[in-house]
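Only one structure is covered here, and it is reproduced in the block below.
2 protein chains.
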Amino acid sequence: MTAQIIPLRGQKGDAPAKPSLDPILALTAPGMNAVNAVILDRMQSEIPLIPALAGHLISGGGKRMRPMLTIACAELIGYQGNRHHKLAAAVEFIHTATLLHDDVVDGSDLRRGKETANIVFGNPATVLVGDFLFSRAFELMVEDGSLKVLKILAGASAIIAEGEVDQLTAQRQIETSEERYLSIIGAKTAALFCAACRIAAVVAERGEAEERALDDYGRNLGIAFQLADDAIDYDSDAHEMGKAKGDDFRDGKMTLPVILAYARGNDEERQFWRDAIAGFCTSDEDLAHAVKLIAKYDTVSATRERARHFAQRAIDAIAGFPASEARAAMGEAALFAVSRRY
Amino acid sequence: MTAQIIPLRGQKGDAPAKPSLDPILALTAPGMNAVNAVILDRMQSEIPLIPALAGHLISGGGKRMRPMLTIACAELIGYQGNRHHKLAAAVEFIHTATLLHDDVVDGSDLRRGKETANIVFGNPATVLVGDFLFSRAFELMVEDGSLKVLKILAGASAIIAEGEVDQLTAQRQIETSEERYLSIIGAKTAALFCAACRIAAVVAERGEAEERALDDYGRNLGIAFQLADDAIDYDSDAHEMGKAKGDDFRDGKMTLPVILAYARGNDEERQFWRDAIAGFCTSDEDLAHAVKLIAKYDTVSATRERARHFAQRAIDAIAGFPASEARAAMGEAALFAVSRRY
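Here the protein sequences come in this chain order: V and U. Each residue of the first sequence is one higher than the one before, starting from 10 at the first, in the numbering used here. Each residue of the second sequence is one higher than the one before, starting from 10 at the first, in the numbering used here.
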């Protein structure tokens, strides 16, 4: 496979347009309508608190990127059936369950600009509705009946949980290396991206090579996406606009902008990072100082550069498929993931 | 099927011995050794916190009743294979995951006489390791490869979560009826008992009638078991011995001893229950008063009587199987479940 130049919208020779999600949104719109119908139908329960709480998050304006990847991959390989609709809904349920549990774990109070479910409904109900959605996801997979899909998604779920525990262990540990960080985000974020992509090739029965190509696309995209997310938390533009909240900083989470700023810093700066990550500097002034140090060593840019590397690997992973609207949209989505600012 | 007199140990004509778990423990010992090996092997992870936390609960002296039921049912129907060992371990993982999440949900500090995992390791890790074990359970089922077993256990898991949410909704609601209470414990406790039993008939390919008989045994036993558990929390003997802690009372959980005491009480007593369940009376004196009112209306005995009813239905559900050591042990286990005092 060779590096692939993704045809962005606009005429050849134009300056490349700013990458956009619009092509993948258009590509997957019909499929996503079917997926959304499954999601709405299968989050119901006779216990009214369950759809109320699940709906709070599910209807809360998420981009449903993971099921969208399943749909896009199915388009890419020309799958004609509809089995992937239920499975894409299962993927979104697994993701929603992990978000609900994450918000409890992190004690978060805002997600997607709304109060989190744990704030509105309390931690107990949030944990339990996460469990419900997780079980429902497996019910959907069992209905589909593919043991191979079940294996991929059960395995991904275990890896996600391991990644989350690993992240918890690394929290407030200033000595966390870039390698360990990549291993954590590979598990907690990329595992579900790559499973979401791979299952499209499984239901279409396309064989190991196509499965692996989609898996590689998803994994690299997931890493790129998480790197970009972690960059935003320390982006000085975003801080000036009041869009970044410094949650990772206050939680003592070791993300790449901090790992690199610590590595590149002088003794005094390193002492600041040690204290901050240990939880002794959490004021707005401390956060501003952290953002300043990160700007000094340009580690948001360095993180974005790493993200672009993985986005390019994602694009190259599907370069072997014939050129198509789907392939172009998936490539542009990867570029979008790493160029978004907040 | 007719009512069945269970041959207890001891000579015919002897006064029936006190029911014991010993026969079912002896019956299932070889199988449980195999199950325990799977449990120990599959709770491992490269993230050290995972086996540490899981092991805290799993090695913490639980009776492993649910996997034991799978093994006992396999003995009852003469299954010769070993597929049920992995599946019984999956059942125990699902149970352990729900216990971990329950302890977080209830804010419990003691289980089986030990500090709970959430106290030792914190809520965040406890939620996440629960998720890990839940995923691992599905991985074990996928390895076995029976979609029917996957369907039964995914369905049971969703029902358990629904039951837990329903219990949360009923918490501090004095008007909870016996019917609703039975529906809650049917979901949160009995669903996994009946799945644990049923899957033995599935792997042995014994057909719908035997599946249903084992399902009925498990469901009724689960209800009996939970009723007996809920009785113990208000048993005056147990309170005198300092064995009951009144957790349900302080949490405002509506269990049958309270439901019946409220129904049978006079106006003044009903007012006490309303205040207590609403959370306004949680002192040791209040608990002592609650235990006194429950003794006055004998609702611990009434709850035990209900438990015996379901235990008898469990026994009758397997009465159609030929008499055997397994059938006798399973019957005695049902009687034991409802006769234990603390």
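Glycine residues also receive a C-beta, built at the ideal position from the N, C-alpha and C atoms.
Distance CB(residue i)-CB(residue j) smaller than 8 Å
{"i": "L30 of chain U", "j": "F345 of chain U", "result": "yes"}
{"i": "T264 of chain V", "j": "D295 of chain V", "result": "no"}
{"i": "T178 of chain U", "j": "L58 of chain V", "result": "yes"}
{"i": "L149 of chain V", "j": "A338 of chain V", "result": "no"}
{"i": "L142 of chain U", "j": "A106 of chain U", "result": "yes"}
{"i": "A63 of chain V", "j": "M77 of chain V", "result": "no"}
{"i": "K95 of chain V", "j": "E152 of chain V", "result": "yes"}
{"i": "L302 of chain V", "j": "E277 of chain V", "result": "no"}
{"i": "G174 of chain V", "j": "I56 of chain U", "result": "One detail in the question is off: residue 174 of chain V reads as Val in this sequence, not Gly. A contact, by the Cβ cut-off of 8 Å."}
{"i": "A326 of chain U", "j": "A222 of chain U", "result": "yes"}
{"i": "S144 of chain V", "j": "A323 of chain U", "result": "no"}
{"i": "G156 of chain V", "j": "G164 of chain U", "result": "Looking at the sequence shown, residue 156 of chain V is not Gly but Leu. Cβ distance not < 8 Å, so L156 of chain V and G164 of chain U don't count as in contact."}
{"i": "G69 of chain U", "j": "K27 of chain U", "result": "no"}
{"i": "V212 of chain U", "j": "H93 of chain U", "result": "yes"}
{"i": "P60 of chain V", "j": "V114 of chain U", "result": "no"}
{"i": "A285 of chain U", "j": "A299 of chain U", "result": "yes"}
Segment limits, alpha helix (DSSP H) that includes residue i
{"i": "R207 of chain V", "result": "200-212"}
{"i": "I168 of chain V", "result": "156-179"}
{"i": "K95 of chain U", "result": "92-115"}
{"i": "I268 of chain U", "result": "265-273"}
{"i": "R375 of chain V", "result": "This structure leaves residue 375 of chain V out entirely; chain V is present only between 10 and 351."}
{"i": "L66 of chain V", "result": "58-67"}
{"i": "L302 of chain U", "result": "293-305"}
{"i": "T135 of chain V", "result": "132-153"}
{"i": "T79 of chain V", "result": "74-85"}
{"i": "P32 of chain V", "result": "31-51"}
{"i": "F258 of chain U", "result": "256-260"}
{"i": "Y190 of chain U", "result": "187-194"}
{"i": "Q280 of chain U", "result": "276-287"}
{"i": "I232 of chain U", "result": "217-241"}
{"i": "E334 of chain V", "result": "334-348"}
Spatial neighbours of residue i in its chain, beta-carbon cut-off 7 Å, leaving aside the 5 residues before and after
{"i": "T125 of chain V", "result": "D112, S117, D118, L119"}
{"i": "R313 of chain U", "result": "A237, A240, V347"}
{"i": "I48 of chain U", "result": "I67, A98, E101"}
{"i": "D246 of chain V", "result": "R350"}
{"i": "A343 of chain U", "result": "L230, A233, A320, A323, I324"}
{"i": "N45 of chain U", "result": "none"}
{"i": "E334 of chain V", "result": "L36"}
{"i": "R336 of chain V", "result": "L85, I327, F330"}
{"i": "G90 of chain V", "result": "V212"}
{"i": "R315 of chain V", "result": "L236, L265"}
Residues of its chain near residue i, where Cβ-Cβ distance is below 6 Å and the 5 sequence neighbours each way are ignored
{"i": "I128 of chain V", "result": "D118"}
{"i": "F319 of chain U", "result": "N229, I232, A233"}
{"i": "A12 of chain V", "result": "Reliability fails at A12 of chain V, whose pLDDT of 48 lies under 50, so the model's placement of it is uncertain and the value that follows must be treated cautiously. For A12 of chain V, where only same-chain residues beyond five positions count, the Cβ hits under 6 Å are D325."}
{"i": "T291 of chain V", "result": "R259"}
{"i": "F281 of chain V", "result": "none"}
{"i": "G40 of chain U", "result": "I80"}
{"i": "Y88 of chain V", "result": "A213"}
{"i": "A43 of chain U", "result": "H94"}
{"i": "D225 of chain V", "result": "A326"}
{"i": "R18 of chain V", "result": "Residue placement at R18 of chain V cannot be trusted, given a pLDDT of 47 that sits under 50; what the coordinates show is reported in the next sentence. Correct list, in chain order: A26."}
Neighbourhood of residue i by C-beta distance below 8 Å, restricted to the same chain and skipping five residues each side
{"i": "Q180 of chain U", "result": "D260, G261, K262, M263"}
{"i": "D242 of chain U", "result": "A253, K254, G255, D256, D257, F258, T264, P266"}
Practice task
Specify whether the region 176-189 of chain U and the region 159-179 of chain V touch according to this definition: at least 3 beta carbon pairs, one from each stretch, less than 8 Å apart.
Solution key: Contact fails: fewer than three Cβ-Cβ distances are below 8 Å.
Practice task
Evaluate the contact criterion for the region 195-203 of chain U versus the region 230-247 of chain U: three or more CB pairs, one atom per stretch, below 8 Å.
Solution key: Segments in contact, yes.
Handout entry: Three-pair Cβ contact test at 8 Å for the region 270-287 of chain V versus the region 204-211 of chain V
Key = No: fewer than three Cβ pairs fall under 8 Å.
Exercise for the section: State whether the region 77-84 of chain V contacts the region 125-143 of chain V, with contact taken as three or more CB pairs (one from each stretch) at a distance under 8 Å. Expected result: With a cut-off of 8 Å on Cβ pairs, the region 77-84 of chain V is not in contact with the region 125-143 of chain V, counting fewer than three such pairs.
Exercise for the section: Using a Cβ-Cβ cut-off of less than 7 Å, give me the residues of the region 175-196 of chain V that come near chain B, in sequence order. Expected result: Judged by its chain identifiers, the structure shown contains no chain B, and its protein chains are V and U.
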